[in-house]
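Everything below concerns the one structure shown next.
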Amino acid sequence: MTSGGSAGDGGTTDRTPSDRVDVCVVGAGPAGSLVAHRLAAAGHEVVVLEAGERFDPADRRARMERAIRPAHDGGSVWGMGGERDRFTSAGERFYPLNSARVKGVGGSTLHWQGMVMRLHEKDFRLHSTWGVGVDWPVSYRDLQPYYARAERALGVAGADDNPFAPPRERPFPMPAFEPSHSDSLFAPACERLGIATHSVPNARNSEAYDDRPTCQGYGTCQPVCPSGAKYDATVHARKAEAAGARVIDRAPVQRLEHDRAGDRVEAAVYATPDGTQHRQEARAFVVACGGVESPRLLLLSRSEEHPDGLANSSGAVGRYFTEHLFAGVGGRLDRPTRQNQVGFNTTESHQFYDDPRAPFGPERGSADATGTGADGGDPADRPVPDEDPGLSSIKLEFLNYAGPSPVELALGADEWGDDLLESLREAYGSALAVGGLVGQLPRKDNRIELDPSTTDDHGNPVPEVHWRVGDRAARTVERANGIQRAVLEEMNAEVTWTVGPADTGPAFHHMGTTRMGADPATSVVNARCRTHDLANLWISGSSVFPTGGAMNPTLTIAALALRIADHVDEAL
Amino acid sequence: MELTRRDALAALAAAGAGVGAGVALRWSDGDPATREFRDVDRETLVALAEVVYPDDVSGIDGFVEAYVVGRVRDRPDRVAGIAEAVDRLDGTARDRFDAPFADLSPADRDAHLESLGVDAADPDPEGIVPERIRYYLVNDLLYALYTSPTGGRLVGIENPQGHPGGIDSSRRSGPEGSDGRSVTGSDHVPGGRPERSGEGSR
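First to last, the protein sequences are chains B and L.
Under our numbering, think of the first position of the first sequence as 2, with each following residue one higher.
Under our numbering, think of the first position of the second sequence as 399, with each following residue one higher.
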């Protein structure tokens, strides 16, 4: 297993540029690979420049061992961190940028959990609906056909059993994974509390799909799936290459260069491991290197014509860095909970997504007393004071991997033999937890800037992350904790831990930093994800999300990528 | 509980070793692709496993043989690390007890490991002696046991992390065989899960 070399490299990989191509895509994660595949399949000449390496699929189980064994830090699984990935955290809270961000062919989908939900209709109209944030310049209806295509492209296992989900037009490509044993323990408690549960759309094969196997149950989905049953963007990088695209790894783009007038990008300047720099020229450029590196690349590409950075006449490049926050409550039950047999979830509740104040349990009883009905009735009549400040969306997850994994405990223990076995039996078996994501509103002061005092392995200023949680998100984490705790208490579980407002952390969903909007004065890209300022520059990825909801973003990234491919195809 | 060749192959799979089911995996298999293990390697590793594995486990000899040989066959870079750690463990035993590690009583082996600080050492392939012993020997053997189906069952998990045991066990309320297939998750979720029906509904 190599950490610095490309698989099969041997110094023979051709990393020199192609003659001027139709499209240059920067980044080989899902946002870039899907665009590259669609455009190559449409007959366009495409070059993808990827900063990280091309990992050898044969190394996946060895990477899994690295993930399980305590001698290796998590970043070493996919070569994260080091001089290449240096950053500065300058905000109210430390931001652990490299914890889940992978540079390489496949991008962070190599590491991701693989949950793929559509955003809700209200997420596209947050300002119109809740009076906060901004509206997207596209609607759910605009994106709906692309969501369907994205589900087929990634391979999503799901069921149409979610009463809170936005309208669907067709079944999921694969049946949902069946509920786990612990789901069955949560279900009656949730039912008594009036909390509806449903399946989880997973980008993970519940049956063989797209030449990839059904899930083998390795239990290490995050950070590595050894079987390939979990989707990752190497799938579409390979498809792009099969369709004629070139994917050049270990080719970090240093800057984009534009024409004399500053109206069009002419070339991507990239470095290669031998220390040379090259220019890849193209008719169109798609920047798809994530919510941190995409704005950083634009800022690094400043010029006389674009003194504040490329495509930054609005000043919004790098601004509105938006995240999802984790909220969770866990404990122990007096029965076996059968955790850590798989590494993914099979039950969620989106009941508190469009209405985070939806009454449940005792609240519901109080609502009954005021005549609003057990189903919640008119939101205006609910027993929440008028002066109660707003909340954000909540997505609840019923974990299948709560508590310790026995092998990981064993490897870190200070005992062995019978003593160790007794400790493992004591620690394993009765843990359970309800986790969840909480949305954060876009805030201008949450931002990615350049830190000129610190440079990366090529001498470029590193990203400086300014991030704070904000009062609204903190209140919503507290609300989520209340629901989570009520579920556990309804099960007579002993609550042993809570991740609340004080110790919440990010879900590593980097959004908002090149926001989409109709007004060039306040946004970076238009509704077609093309930059307002440069006619042949598109941005693909969650950095274009004007608001982030509380759903895992990758399905929306994929849907937008497929839509961008259509727009670029039309423009060429 | 008896450790089997199937457990060793499962542990090798969890360690990323691509070993086919038909491979002999013997200490001296004559395969030029692997090294010939010394007596001290064989004896020390088995003697160590007898200490770090629970007393209830049998079949240690064959399990350790198949696992270690398969491990080295696939990852020859580990040979030097294992050999050096064995030499250190055995050498310190000879210094202290005037006998090879493998000849010590289980209680003395245990005490010797603790006296070296192996119990509290952070596993590190490039660290000081106890850290290397912990990484190359103790943790490798524990990794093999607790990613195997038999090791998992000792703790109460049929499909331990690292073992590709499928997804059915996550749905069962107990180990297969304890109460048959028992109750599955969908039996408790009202209505179970619909298949891919319901086009056009919310």
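Using N, Cα and C, we set each Cβ at its ideal position, and we do this for glycine too.
- With contacts defined as CB atoms closer than 8 Å, Asp233 of chain B and Leu334 of chain B fail to qualify as a contacting pair.
- Scanning B:Pro554, B:Gln217, B:Ser183, B:Gly28 for the CA closest to the CA of Thr198 of chain B turns up B:Ser183.
- The beta-bridge partner set that DSSP reports for Leu257 of chain B consists of B:Ala269.
- Counting only the Cα atoms, Gly513 of chain B lies some 41 Å from Asn493 of chain B.
- For Pro176 of chain B, the secondary structure class from DSSP, reduced to helix, strand or coil, is strand.
- Counting only the Cα atoms, Asp534 of chain B lies some 13 Å from Gly518 of chain B.
- In this structure, Pro507 of chain B and Tyr210 of chain B do not form a Cβ contact; the two beta carbons are roughly 31 Å apart against a cut-off of 8 Å.
- Spatial neighbours of Glu400 of chain L in its own chain (CB-CB distance under 8 Å, excluding positions within 5 residues in sequence) are listed in chain order as Val455, Ser456, Gly457, Thr548.
- Closer than 8 Å to the CB of Gly563 of chain L there is at least one CB belonging to chain B.
- Counting along the chain, no alpha helix (DSSP H) covers Ala434 of chain B; the unbroken beta strand (DSSP E) around it starts and ends at 432 to 440.
- The criterion of a C-beta distance shorter than 8 Å is not satisfied by Val78 of chain B and Val48 of chain B.
- Following the DSSP letters along the chain, one finds Val293 of chain B in no beta strand (DSSP E) but inside the alpha helix (DSSP H) bounded by residues 291 to 301.
- For Ala154 of chain B, the closest Cβ of chain L is not nearer than 8 Å.
- One finds nothing in chain L with a Cβ atom closer than 9 Å to the Cβ of Phe56 of chain B; even the nearest lies about 13 Å away.
- Against Thr548 of chain L, chain B offers no close residue; the least beta-carbon distance is about 12 Å (beta-carbon pairs closer than 7 Å).
- Under DSSP, the beta-bridge partners assigned to Asp136 of chain B are B:Arg126.
- The shortest CA-to-CA distance from Ser228 of chain B to any of B:Pro214, B:His237, B:Pro146 is the one to B:Pro214.
- For Pro547 of chain L, the enclosing alpha helix (DSSP H) starts and ends at 547 to 553.
- For Thr221 of chain B, a Cβ of chain L is located within less than 8 Å of the residue's own Cβ.
- Contact residues of the segment 525 to 540 of chain L toward chain B are Tyr533, Val536, Asn537, Leu540 (C-beta to C-beta distance below 8 Å).
- In the three-state reduction of the DSSP assignment, His38 of chain B falls in the helix class.
- When Cβ-Cβ separations below 8 Å define contact, Phe125 of chain B makes no contact with chain L.
- Inclusion of Val470 of chain L and Val477 of chain L in the CB contact set at 8 Å is warranted, their separation being smaller than that value.
- Take Tyr141 of chain B, set aside five residues on each side of it, and the residues of its chain with a beta-carbon closer than 6 Å to its own are Glu122, Phe125, Pro167, in chain order.
- Residues of the segment 53 to 79 of chain B that bring their beta carbon within less than 7 Å of a beta carbon in chain L comprise Arg62, Ala63, Met65, Glu66, Ile69, Arg70, Pro71, Ala72, in sequence order.
- Each of B:Pro360, B:Ala503, B:Ala59, B:Arg469 was checked against the Cα of Ala413 of chain L, and the nearest Cα belongs to B:Ala59.
- Residue burial annotation: Arg569 of chain L is buried, with at least 16 other C-beta atoms found within 10 angstroms of its C-beta.
- In this structure, the straight-line span from the alpha carbon of Asp458 of chain B to that of Asp20 of chain B is close to 27 Å.
- Glu448 of chain L sits close to Pro504 of chain L, with the two beta carbons spaced by under 8 Å.
- The Cβ-Cβ distance between Arg256 of chain B and Leu301 of chain B falls below 8 Å.
- Taking the CA atoms as reference points, Thr338 of chain B sits about 10 Å from Gly404 of chain B.
- Residues of the segment 334 to 368 of chain B with a Cβ closer than 7 Å to any Cβ of chain L, in chain order: Pro337, Arg339, Asn341, Gln342, Val343.
- For Phe286 of chain B, DSSP records a beta bridge to B:Cys25, B:Leu538.
- For Gly332 of chain B, the enclosing beta strand (DSSP E) begins and ends at 329 to 333.
- Here the alpha carbons of Val27 of chain B and Ala272 of chain B stand approximately 13 Å from one another.
- Looking at the DSSP output, Pro462 of chain B shares a beta bridge with B:Thr456.
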